[in-house]
Ligand SMILES: Nc1ncnc2c1ncn2[C@@H]1O[C@H](COP(=O)(O)OP(=O)(O)OP(=O)(O)O)[C@@H](O)[C@H]1O
Ligand SMILES: [Mg+2]
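Residue numbers (our numbering), protein chains in the order written: chain P, 8 to 242; chain X, 2 to 371.
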C-alpha cells in the first residue's frame, strides 16, 4: 500500500558557499494513512523546512518526495498548487485567515477554489465549523474571534476539501496550553484519525505527545525516531 | 473569488471611496469635456436648426455656414420666390465679427435679414424689437446683462456704433454669441449691395414635394449650391467636430491617465497590503491566475462603481455650470457615455496588471512566520 507521504533522502541547503545552511540532511520519512506523527526538535533544527518541502511549498536540494505514491518534487508549479489544494490541508501557528471574510466564508473559499460552490460548499463549511464548536460563530470575522476560535476556523479550512494529509506547523504556538490541547484533540481525534486522515504536526508542545502515534526528533537537520517517553532536552 | 474581491474592497472603505471617487472624477471630466464641445457644436448650428427653412441656397462651392464666405447675386432671392412650390424665401446676410462691449470684445455670428422677413430673426426674444432698424442690434440678454448693458445702450460692431434694440435668449455660447443686425447696415459694413444675400433660406409650400422643389431650384439656379437643412447642419457639425477633435482627444487622454493612475495605484496598494493573505492563498493551493482574478475583480468593481457615480456627477455638475454660466451649453450624449465603457474596461484591465509582478513573486513561505 502507498504511503500518504514519503520522503527519501531529502536534503535542503539554504544559500551557498560560506553562508550555506544545511537545514535538512538526508531525511527519510513515511506516513501511513490515519497516522498522527509529531515532529519535535530544537529551534532552528529544520522542522519548518521539512514541513514546507513535504507541503510542496519549498523545493528540495536533493531527494524524492511522494504524495499518495506520486513523485511530486519535480512537478510543475501549477500541479503542485493543485496537489496542495486537493490533497493537503495546512494549519499554521498564526492562523492565516482572510481578515475580510467571515468564519464560514474562509472555509467556503478553499472549496470554491477546488470547484465546489454554492450551497454544497456552504453546507459542508457549516457542518465542519459546527463540529469544531463554532456553530454560533459562523458569521464572525477573524478580528472578532479568540485565538482558539481562529485556529479552529483554520482547521475547518484545512479539512474543507477532505484532504488525506494535514500538515501543521506549531498549531498551538499562539494558544494557551489548555486551549491548544482542546483544539488539537478536535483535529486529531474526531476529524483526523477517525476519518483515516494522516496528520503531521511540528511542535514544541510536549503535551501533544499523548495524541500522537509516533514522535520524531529532528536535530541538526537529521531525523530520528524516539520512543515517545524519552526526549532529549529542548532548547 | 468575486466574493473575496468584494469583501476586500469593503474591508478598506477609505480606499474604496478614493478609487471609486477617482474614477468617477475622471469619468465626469471626460463626459463634461465632451458635453461642452457638443454644446458649443449645438450652439454653432442653433441658428440653422431654428429656422423653418427646409432648403438653403448658397454660393457654388460653399457647404458651410462657419468658416466660409458665401455671396449670391442680388436677384437670386426674387428668382427663388418665382419657383413653383416655394412658399417663402428669405435672403440672409451673414458675417462674423467682434462685438465691443466696452470692457471686452465677444466674437459673434452676425445675421441680418430684410425688414419684414417672415423668419430669420431671433427665435426667442426677451425684450424690445424683434427686427433691428438701421444702426440697431439685437444682443443676447445674458451677454448684455453680464456687462451691464440694456435696451438703448450702444455697442461697437465691425467698427460701427449700434444701438441695442432688442435682447434675445438662447444666443450665448462659449466665446461666441449670436447677434442680429439690420440688413442694410450689415451690407454697408460688408461692402455689398443691400439686396445681396449670403444664403437664401427657402421654405417650400407645406404640401409641395421637397425633392421636386429642390430639383426645380437646381435647374433654375445652377450656379449655386442647394442643401437641405439636415445636410447643412450635418456639414457644419462635422467641420466643428474636426476642429475640436484634437482638443477633446487631448483632454480625454488626460482624464483617462488620471483614471488609470487612480485605479492602478489603489489596486497596487491594495495588493501590496494584502500580500500576506495572497501568500496564504498561494500556500493553500491558489495559482497566479486565480490571484490575478481577485485583483482584477477588485479593479473592475471599483471602476464600475466609479463609472456609475461619474455619470450623475457629470449631469449634476453640468447643470450647475449651465446655471452659473448661461453660455456654457453642456450636452451629454448617451452615445458618448457608452463610448467610454470600452476605454474604461481597457484601462482597468491595464491597471490590474500592475500588481502581477508582486503576485508572481509572492512567497508562500510567509505563512510560517508568526
Ligand atoms: N530562507 C532561508 N534562508 C536561509 N536560511 C534559512 C531560511 N529559512 C531557514 N533557514 C535556516 O535553516 C535552519 C532551519 O530553519 P527552520 O525554520 O526550518 O527551523 P525550525 O526547526 O522550524 O525552527 P523553529 O523551531 O524556531 O521554528 C535555520 O538555521 C534557519 O536559520
Ligand atoms: Mg519553525
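Each residue gets a CB set at the ideal place from its N, CA and C atoms; glycine is no exception. Small disclaimer: the values here were computed from a predicted structure and weren't measured.
- Residue 310 of chain X and residue 304 of chain X have their C-alpha atoms roughly 10 Å apart.
- Three or more Cβ pairs closer than 8 Å define a contact, and the region 318-336 of chain X falls short of that threshold against the region 132-139 of chain P.
- Residue 91 of chain X and residue 66 of chain X have their alpha carbons spaced roughly 16 Å apart.
- Look at residue 210 of chain X here: in three-state DSSP terms it is coil, with no helix or strand label.
- For the set P:165, P:69, P:19, the Cα lying nearest the Cα of residue 52 of chain P is the one of P:19.
- If you ignore the 5 residues before and after residue 221 of chain X, its C-beta comes within less than 7 Å of the C-beta of 80, 84, all in its own chain and listed in chain order.
- By the C-beta criterion, the region 72-87 of chain P is judged not to be in contact with the region 3-12 of chain X, since fewer than 3 inter-stretch pairs fall below 8 Å.
- In this structure, DSSP gives residue 260 of chain X a helical state, which the three-state scheme calls helix.
- When beta bridges are read from the DSSP output, residue 73 of chain P appears opposite P:13, P:78.
- Residue pairing by DSSP places residue 161 of chain X opposite X:158 in a beta bridge.
- Along the region 262-278 of chain X, going in chain order, the ones with a CB nearer than 7 Å to a CB of chain P are 278.
- Closer than 9 Å at the C-beta level to chain X, one finds these residues of the region 103-129 of chain P: 103, 104, 105, 106, 107, 108, 109, 112, 115, 116, 117, 119, 120, 121.
- Around the beta carbon of residue 173 of chain P, a 10 Å sphere encloses 16 or more other beta carbons of the protein chains shown; the residue is thus reported as buried.
- The nearest non-hydrogen atom of ligand 1 is 7 Å or more from the C-beta of residue 296 of chain X.
- Residues of chain P with a Cβ closer than 9 Å to the Cβ of residue 358 of chain X do not exist, since the nearest Cβ in that chain sits about 16 Å away.
- The beta-carbon of residue 291 of chain X is placed less than 8 Å from the nearest beta-carbon of chain P.
- Runs of alpha helix (DSSP H) with 4 or more residues, each lying fully within the region 68-132 of chain X, are found at 77-82, listed in chain order.
- Shown here, residue 228 of chain X sits in a strand according to DSSP, grouped into three states.
- At a cut-off of 7 Å, the beta-carbon of residue 54 of chain P counts as near ligand 2: some heavy atom of the ligand is closer than that.
- The alpha-carbon separation between residue 196 of chain X and residue 223 of chain X amounts to approximately 20 Å.
- Counting along the chain, residue 205 of chain X sits inside the beta strand (DSSP E) bounded by residues 200-205.
- Close to chain P, meaning a Cβ-Cβ distance shorter than 8 Å, are the following residues of the region 339-365 of chain X: 365.
- Of the heavy atoms belonging to ligand 1, at least one sits nearer than 7 Å to the Cβ of residue 28 of chain P.
- Bridge partners of residue 177 of chain X according to DSSP: X:108, X:174.
- By the Cβ neighbour-count rule, residue 164 of chain P is buried, with 16 or more other Cβ atoms within 10 Å of its own.
- Against residue 158 of chain P, chain X offers no close residue; the least beta-carbon distance is about 13 Å (beta-carbon pairs closer than 9 Å).
- Here the C-alpha atom of residue 175 of chain P lies approximately 34 Å from the C-alpha atom of residue 300 of chain X.
- In the assembly as shown, residue 278 of chain X is a buried residue. Its beta-carbon has 16 or more other beta-carbons within 10 Å.
- For residue 12 of chain X, the chain P residues whose Cβ falls inside 8 Å of its Cβ are 106, 107, in order along the chain.
- In this structure, DSSP gives residue 53 of chain P a state outside helix and strand, which the three-state scheme calls coil.
- Shown here, residue 275 of chain X sits in coil according to DSSP, grouped into three states, outside any helix or strand.
- Set against 7 Å, the gap from the CB of residue 280 of chain X to the closest heavy atom of ligand 1 is not smaller.
- Listed along the chain, the chain P residues whose CB falls inside 9 Å of the CB of residue 50 of chain X amount to none; the nearest CB is some 55 Å away.
- C-alpha of residue 22 of chain X to C-alpha of residue 166 of chain P: approximately 41 Å in a straight line.
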